[in-house]
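**Student:** Residue numbers (UniProt numbering): 1 to 175. Below you'll find the structure I mean.
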Amino acid sequence: DVVSIPKTNEDFRLLYDTKGRFRLHAITGDETKFKLCKVRSVQFGQKGIPYLNTYDGRTIRYPDPLIKANDTIKLDLESNKIVDFIKFDVGNVVMVTGGRNRGRVGVIKNREKHKGSFETIHVQDAAGHEFATRLGNVFTIGKGTKPWVSLPKGKGIKLSIIEEARKRLAAQNAA
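Below is the structure:
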């Protein structure tokens, strides 16, 4: 979500950090005008009118026929119209929004379908670490390796306990 504070003229996007906590990430310019929404379902209403439901409760009529469930739409906040969309495909950038890996960002490497169970998505982050999570926990944020939204510091790369300790120690020695 985009949060604007008119008195201080500041804009923020609410994102997860790699520890799974909400963080306000300062944004500027064109980034304040849009929001990314994950598509929950695409259905037909009365008289065959197509509509889609997003994860944040929006219902949008007459979407692009190529948009399917789990895709991501770029929604213009002023007109509430779909500007663009990202297919949920291997090779696209995703952010994990649930589970133990919440807040991590990476590229989809593989999609496993299990009959009668959850689909598993294998993701590789920029540091080369691979992890797997359920399909419902993953949210596409960009085409290819370039995200459509700016990311907070760390770029969604989760450090191990040892890497965090070394980083903290280096910061203490530098100060």
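Where a beta carbon is used, it is the ideal one built from N, C-alpha and C, also for glycine.
When we look at the beta-carbon of N101 and count the other beta-carbons within 10 Å, is it buried (16 or more) or exposed?
**Tutor:** With 16 or more Cβ atoms within 10 Å of its Cβ, N101 is classed as buried.
**Student:** Less than 8 Å between the C-beta atoms of K158 and R104, yes or no?
**Tutor:** In contact: K158 and R104 (Cβ atoms closer than 8 Å).
**Student:** Just reading off the alpha helix (DSSP H) that A69 is part of, what are its end residues?
**Tutor:** Segment: none, A69 is in no alpha helix (DSSP H) and carries neither H nor E.
**Student:** Which parts of the region 70-142 are runs of the beta strand (DSSP E), unbroken and 3 residues or longer, counting only runs that do not cross its ends?
**Tutor:** Entirely contained in the region 70-142, the beta strand (DSSP E) runs reaching 3 residues are, in chain order, 72-76, 81-86, 93-96, 105-112, 120-124 and 130-134.
**Student:** Taking I27 and S150 to be in contact with their CB atoms under 8 Å, please state how far apart those CB atoms are, rounded to whole angstroms.
**Tutor:** The pair is a contact, with the Cβ atoms about 6 Å apart (cut-off 8 Å).
**Student:** Does the beta-carbon distance from I82 to T72 come in below 8 Å?
**Tutor:** No, they are not a contact pair.
**Student:** Given a cut-off of 8 Å on the beta-carbon distance, is the pair V96 and I67 in contact?
**Tutor:** No, they are not a contact pair.
**Student:** For K35, report the span of its beta strand (DSSP E) as first-last.
**Tutor:** Looking at the DSSP string, the run of the beta strand (DSSP E) that includes K35 is F34 to F44.
**Student:** Please say whether F131 and V138 have beta carbons closer to each other than 8 Å?
**Tutor:** Result no, Cβ atoms of V138 and F131 do not sit closer than 8 Å.
**Student:** Which residue from F44, E78 and L77 puts its Cα closest to that of P65?
**Tutor:** Closest by alpha carbon: F44.
**Student:** Could you spell out where the beta strand (DSSP E) holding E10 opens and where it closes?
**Tutor:** From DSSP, the beta strand (DSSP E) with E10 extends over E10 to Y16.
**Student:** Verify whether the separation of the beta carbon atoms of D125 and G106 is less than 8 Å.
**Tutor:** Yes; because the gap between Cβ atoms is below 8 Å, this pair is in contact.
**Student:** Using the Cα positions of T8 and A174, report the straight-line distance between them to the nearest angstrom.
**Tutor:** So the alpha carbons of these two residues sit roughly 33 Å apart.
**Student:** With a 10 Å radius around its C-beta and 16 neighbouring C-beta atoms as the bar for buried, classify F22 as buried or exposed.
**Tutor:** It is exposed - the Cβ of F22 has fewer than 16 other Cβ atoms within 10 Å.
**Student:** From K74 to I141, what does the alpha carbon distance come to, in whole angstroms?
**Tutor:** Looking at the two C-alpha atoms, the distance is approximately 9 Å.
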